[in-house]
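Given below as structure tokens:
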């Protein structure tokens, strides 16, 4: 049986198969443990600024600044001018929308199958589905709680994904890219003899994360892919769902920074967050070309390059603390200019609403 390599055919450097590590030793720590320094910093900054929610003012035109409970489509709807063409086409389905209403919304927006269905409120790739036809769309709609609004979005066929973090201090002429994460979904290669279950077990990374992949594969786990067939194990580009992240921050060229700056400026009041994009070639991306935005995240986003297995824990914590300190600093500047942070009560309601919805979402692809 040949050993599949989940990083095969990527356009960016990856370690040789024997180069450890393939999984960060802190990648799957309990959140309360990994984020303890961030929480401690937040307490100190809240005391210093006399506001427990000041960072929500970093993006004053986004509910909660994008910390939690925000609508993905409402953020994209705010993008103005020609930069809207950089975003993969989308439409919003209100809670309880049925298949005929979804098909009508698709027709009005020019969407067609296959497409992506994702919850309008959520994070970490929860509930994101790739939908191939009307029957699959009907099943997907039925799987969501009735009070969940959904987002239908164009399926971008570009093979690669990146998370690009952007920060602009109020009053600054231009922002800066502080993090780039190159994402690759795990892939196993069929040998014509082994089941998917066996291929996963034999893979140096996927074999350690079989608990993430096998439940999604279901009955497919016992199928035998043909010789040479590439089988993606997940669709969602999220590390906690098994995708592999690499630090690509050194690809933050002036041309790419300028392209991201134009999109950020087209979203009024946006100062801090991450652009998730899909792209064809890394060389084109560094020229600020050949990419489409699939999501814009606010202060609840993180610089995901820290989940590169080669990142040291102290460096990951330093990056986290530096980014969130910037969010508080920007929030303070915006408050001084008249922006109002989200109240603790309102933020609590948003968090409770998001948490309740996410607990009821179907498994992501």
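In the numbering used here, the protein residues as written are 7 to 371.
For glycine and all other residues, C-beta sits at the position ideal for the given N, C-alpha and C.
- The region 179-188 and the region 254-266 touch, with three or more beta-carbon pairs separated by less than 8 angstroms.
- For residue 130, there is no enclosing alpha helix (DSSP H), as DSSP marks it with neither H nor E.
- Taking C-beta separations shorter than 7 angstroms and ignoring five residues to either side along the sequence, the partners of residue 218 in its chain run 247, 248, following chain order.
- A direct Cα-to-Cα measurement between residue 296 and residue 75 gives close to 31 angstroms.
- Straight-line measurement puts the Cα of residue 132 at about 30 angstroms from the Cα of residue 346.
- Around the CB of residue 159, 16 or more other CB atoms lie within 10 Å, so the residue is classed as buried.
- The continuous beta strand (DSSP E) containing residue 96 extends over residues 96-99.
- Comparing C-alpha distances from residue 279 to each of 294, 28, 81, 51 shows the shortest one belongs to 81.
- Of 181, 199, 230, 333, the smallest CA-CA separation from residue 264 is found for 181.
- Looking at the DSSP output, residue 194 shares a beta bridge with 237.
- Ranked by Cα distance from residue 177, the options 361, 368, 366, 342 are led by 342.
- Between residue 353 and residue 125, the CB-CB gap reaches or exceeds 8 angstroms.
- For residue 110 and residue 90, the gap between their C-alpha atoms comes out near 22 angstroms.
- Separation of the CB atoms of residue 106 and residue 155 is rounded to 17 angstroms, and the pair is thereby denied contact status at 8 angstroms.
- Taken in chain order, the whole beta strand (DSSP E) runs of length 3 or more contained in the region 268-345 are 278-285, 297-303.
- Within a 10 Å sphere around the beta-carbon of residue 244 sit 16 or more other beta-carbons, which makes this residue buried.
- Pairwise C-beta distances place the region 298-308 in contact with the region 61-69, as three or more of them are shorter than 8 angstroms.
- Assigned with DSSP and collapsed to three states, residue 170 falls in strand.
- Buried is the label assigned to residue 360, since at least 16 other Cβ atoms lie within 10 Å of its Cβ.
- Distance from the CA of residue 192 to the CA of residue 309, rounded to the nearest whole angstrom, comes to 21 angstroms.
- At least 8 angstroms separates the beta-carbon of residue 301 from that of residue 286.
- According to DSSP, residue pairing for residue 183 in a beta bridge involves 172.
- The bridge partners DSSP lists for residue 253 are 187.
- In the structure shown, the three-state DSSP call for residue 156 is strand.
- The Cβ atoms of residue 206 and residue 216 lie closer than 8 angstroms to each other.
- Cβ contact annotation for residue 92 (same chain, cutoff 7 angstroms, sequence separation greater than five): 269, 298, 299, in chain order.
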